[in-house]
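Reviewing the structure listed below.
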DNA sequence: CCAACTTGTTCAGATATGTGAACCGTGTGC
DNA sequence: GCACACGGTTCACATATCTGAACAAGTTGG
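Protein chains in written order, with our numbering: chain A, 398 to 641; chain B, 398 to 641.
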């Protein structure tokens, strides 16, 4: 049911993940949709501005999609509360900070704050999706999940990773994270980069998490970073009305 | 052709502009789509994560839409060049700066930089769409448009505004803007707020524009602001490979 | 406590869309 | 210069969607 709508969404997802604009034929092949059908769907998406054509007439995510997506952030009032904390954190520590939430087996980055003076910024990680169990922000959000929700997310993770062992190790790790009050990641995601994250909790609903990334061997003391992150996350939780 | 895809997009646009989540019935009524059809389209959109349900089972733009939209920014390499200029501008002047591009009769804000210390930020204007002729950024982008493109955009504006006079005045204004090298807006959009903008030009394709907003009567000298904005926009243009 | 009004869901028939093959235009390599 | 490969477009028919009304479930108000 509603095949064409689902197909349109899959096209948007495909193009959003693609490194560069794609041709009609390659889209059709990748998603196993007949060319002619793909043609009419693409025409509709372009007509509405959700897709655009680059200089070589290849399809890419369009301006309207950006506009619509941006409205998601505006409606997430958590972001307004979290951003000031990210700004403070980045100012105090001089490193990049993030806010992320869980979606199934993944963590999705909603916003970030970069330190000044960082010449050209890295490719923006806003909107990025990473397996939750590989990132500090993902693990922090998982660790403070209510029992019932956790099961759901773990099921999604089990479906996504082949190794049974990975999930078992993760479950063990989550207990330790709760005890410590923060999660960390030492170069598991990116070589030489250390991440620390702590949960942002809501009166109801699953937690998000605030995290920072910095190079190992920088002048920062680990304890100083941990304190900053934990404090920022706790402050955000308080402003959001969470009482422990 | 492809009615359901177009309808799905219209639903996304509607919800992105809505102040709060909507019910199935209100969506169906607003867009004149039969309830049953709306039902199946909504189910498809929710299933793919492009829409989500809030606590009262009302529909709102979902996480996947945000994710897809964010990828538009990543693919717009202009943004990487422009952001450092916005950061510098905001640091030097202590006021909010923006980057916007034209889309038909509107200007759409792609990114912004807020000054530090601004307690709670205003509702983020990223992704916002305003009539181009009412904003400094919009007028700056229009003023440096190639002749052929300008006609197209003016047609769109003519279609959007009822007053013939408004467009004629705008056309006159554009000449002055080109001569000065920047556009401005004194409280036309928001009471007491002054905006100044200058074009970011590309080797090929239509220009975007960098702009700032500040309160009239602040300690800033207008000339100082103008110089900063013009310089930032010119630097961005140079990095992008534009030669005049 | 009932009635009237919501909102969301289901169903079978009318209707529009999806399909695949053939067609056209372009550019590439021989 | 020719043939081939590749991307995009069109068309008539099979098929799945869209429709509108009727139904279920929950809410409000008298």
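The beta carbon of each residue, even a glycine, is placed where N, CA and C say it ideally should be.
All values reported here derive from a predicted model rather than from experimental measurement.
Over the uninterrupted alpha helix (DSSP H) stretch that includes residue 554/B, give me the two end residues.
The residue given as residue 554/B occupies position 157 in the second chain. Counting along the chain, the alpha helix (DSSP H) containing residue 554/B begins and ends at 544–557.
Going by DSSP, which residues form a beta bridge with residue 493/A?
Your numbering for residue 493/A matches position 96 in the first chain. BP columns for residue 493/A point to 610/A.
Could you give the residue range of the beta strand (DSSP E) that holds residue 594/A?
Taking the first chain and counting its residues from 1, one reaches residue 594/A at position 197. Element bounds for residue 594/A: 590–597.
Sort out for me which residues DSSP pairs residue 498/A with in a bridge.
One-based indexing of the first chain puts residue 498/A at position 101. Beta-bridge pairing links residue 498/A to 505/A.
Return the Cβ separation of residue 497/A and residue 606/A in integer angstroms, given the expectation that the two are a contact with Cβ distance under 8 Å.
The count along the first chain starts at 1 and reaches residue 497/A at position 100. The count along the first chain starts at 1 and reaches residue 606/A at position 209. Their Cβ separation, rounded to whole angstroms, is 6 Å, which keeps residue 497/A and residue 606/A in contact under 8 Å.
Less than 8 Å between C-beta atoms, sequence neighbours within five positions excluded: which residues of the same chain meet that for residue 483/B?
For this step, residue 483/B is matched to residue 86 along the second chain. Excluding residues within five positions, the ones whose Cβ falls inside 8 Å are 494, 495, 496, 508, 509, 510, 607 and 629.
Simplified DSSP assignment, three categories, for residue 416/B
By 1-based counting over the second chain, the position of residue 416/B is 19. Residue state, collapsed to three classes: coil.
Is the beta carbon of residue 405/A sitting closer than 8 Å to the one on residue 425/B?
Within the first chain, the letter at position 8 stands for residue 405/A. Within the second chain, the letter at position 28 stands for residue 425/B. In this structure, residue 425/B does not lie closer than 8 Å to residue 405/A by Cβ.
Quick one: is residue 457/A buried, meaning 16 or more other Cβ sit within 10 Å of its Cβ, or exposed?
Stepping through the first chain from its first residue, residue 457/A is reached at position 60. Buried, by the Cβ-count rule.
So for residue 460/B, helix, strand or coil by DSSP?
By 1-based counting over the second chain, the position of residue 460/B is 63. Here residue 460/B sits in helix by DSSP.
My output table needs one value for residue 640/A: the three-state DSSP class, helix, strand or coil.
In the first chain, residue 640/A corresponds to position 243, counting from 1. Here residue 640/A sits in coil by DSSP.
I want to verify the contact list: residues of chain A whose CB lies under 7 Å from the CB of residue 544/B, in sequence order.
Counting from one through the second chain, the residue named residue 544/B turns up at place 147. Those within 7 Å of residue 544/B in chain A number zero; the least Cβ separation is about 20 Å.
Chain A within 8 Å of residue 608/B, Cβ atoms only:
Taking the first residue of the second chain as position 1, residue 608/B is located at position 211. Not closer than 8 Å to any Cβ of chain A, the Cβ of residue 608/B fails to qualify, so no.
Helix or strand or just coil, what does DSSP make of residue 649/A?
Only positions 398 to 641 of chain A appear in the structure, and residue 649/A is not among them; the question remains open.
Can residue 627/B and residue 609/B be called in contact, C-beta distance under 8 Å?
Taking the second chain and counting its residues from 1, the one referred to as residue 627/B is at position 230. Taking the second chain and counting its residues from 1, the one referred to as residue 609/B is at position 212. Contact flag unset, no.
Under 8 Å between C-beta atoms, does residue 517/B make it to chain A?
As a working mapping, residue 517/B is identified with position 120 in the second chain. Per-residue confidence for residue 517/B stands at a pLDDT of 46, beneath the threshold of 50, marking its modelled position as unreliable; no derived number is given.
Within the 8 Å Cβ cut-off, does residue 466/A reach chain B?
The sequence position of residue 466/A within the first chain is 69, counting from 1. Closer than 8 Å: yes.
So does residue 475/A have its beta carbon nearer than 7 Å to some heavy atom of the ligand NAP?
No copy of the ligand NAP occurs in the structure displayed, which carries no ligand at all.
With 8 Å as the C-beta to C-beta threshold (strictly closer), list the residues of the region 483–515 of chain B near chain A in chain order.
484, 488, 498, 500, 505, 507 and 513
Between residue 503/A and residue 526/A, how many whole angstroms is the CB-CB distance? I'm expecting something under 8 Å.
What you label residue 503/A is simply residue 106 of the first chain in a count that begins at 1. What you label residue 526/A is simply residue 129 of the first chain in a count that begins at 1. About 5 Å; that satisfies the 8 Å criterion.
Measuring only the C-alpha atoms, how far is residue 637/B from residue 413/B?
For the purposes of this step, residue 637/B is taken as the residue at position 240 of the second chain. For the purposes of this step, residue 413/B is taken as the residue at position 16 of the second chain. Taking the straight line joining both Cα atoms gives about 32 Å.
Partner residues on chain A for residue 424/B, Cβ-Cβ distance less than 8 Å:
One-based indexing of the second chain puts residue 424/B at position 27. The premise fails here: residue 424/B is roughly 14 Å from chain A at the closest Cβ pair, so nothing lies under 8 Å.
Interface partners of residue 642/A on chain B, CB under 7 Å
There is no way to answer for residue 642/A, as the model of chain A reaches only from 398 to 641.
Taking just the CA atoms, how far does residue 528/B sit from residue 573/B?
Residue 573/B sits at position 176 when you count from the first residue of the second chain. Residue 528/B sits at position 131 when you count from the first residue of the second chain. Residue 573/B and residue 528/B: Cα-Cα distance of roughly 20 Å.
So which residues of chain A does residue 523/B contact, with C-beta pairs closer than 7 Å?
For the purposes of this step, residue 523/B is taken as residue 126 along the second chain, with counting starting at 1. Those are 467, listed as they occur along chain A.
Taking a Cβ distance cut-off of 8 Å, strictly less, list which residues of the region 446–458 of chain A are near chain B, in chain order.
446, 447, 452, 457 and 458
Between residue 479/B and chain A, is any beta-carbon pair separated by less than 8 Å?
In the second chain, counting from the first residue as 1, residue 479/B sits at position 82. Output row for residue 479/B: interface = no.
Below 8 Å between beta carbons: does that hold for residue 575/B and residue 540/B?
Looking up residue 575/B in the second chain gives position 178. Looking up residue 540/B in the second chain gives position 143. Cβ atoms of residue 575/B and residue 540/B: closer than 8 Å.
With DSSP run on the structure shown, which of helix, strand or coil describes residue 617/B?
To locate residue 617/B, count along the second chain from 1; it is residue 220. In the structure shown, residue 617/B sits in coil (DSSP, three-state: anything other than H, G, I, E or B).
With DSSP collapsed to three states, give me the class of residue 449/A.
As a position in the first chain, residue 449/A is number 52, starting the count at 1. Here residue 449/A sits in strand by DSSP.
Collapsed DSSP secondary structure at residue 605/A in the structure displayed:
As a working note, residue 605/A is residue 208 in the first chain. If DSSP states are grouped into helix, strand and coil, residue 605/A belongs with the strands.
Neighbouring residues, chain A, relative to residue 405/B (Cβ below 7 Å):
For the purposes of this step, residue 405/B is identified with residue 8 of the second chain, where counting begins at 1. Ordered by position in chain A, the residues that pass the 7 Å Cβ test against residue 405/B are 402 and 405.
Under 8 Å, Cβ to Cβ, is there at least one residue of chain B near residue 640/A?
Taking the first residue of the first chain as 1, we reach residue 640/A at position 243. No, its Cβ sits nowhere closer than 8 Å to a Cβ of chain B.
At what residues does the beta strand (DSSP E) containing residue 581/B begin and finish?
Within the second chain, the letter at position 184 stands for residue 581/B. Here the beta strand (DSSP E) through residue 581/B covers 580–583.
What whole-angstrom Cβ distance do residue 479/A and residue 593/A have, given they're in contact under 8 Å?
Here the question's residue 479/A lines up with position 82 in the first chain. Here the question's residue 593/A lines up with position 196 in the first chain. Actually they are not in contact, since the Cβ atoms of residue 479/A and residue 593/A sit about 16 Å apart, beyond 8 Å.
Residues from the region 570–604 of chain B in contact with chain A, defined by Cβ distance under 9 Å:
601 and 602
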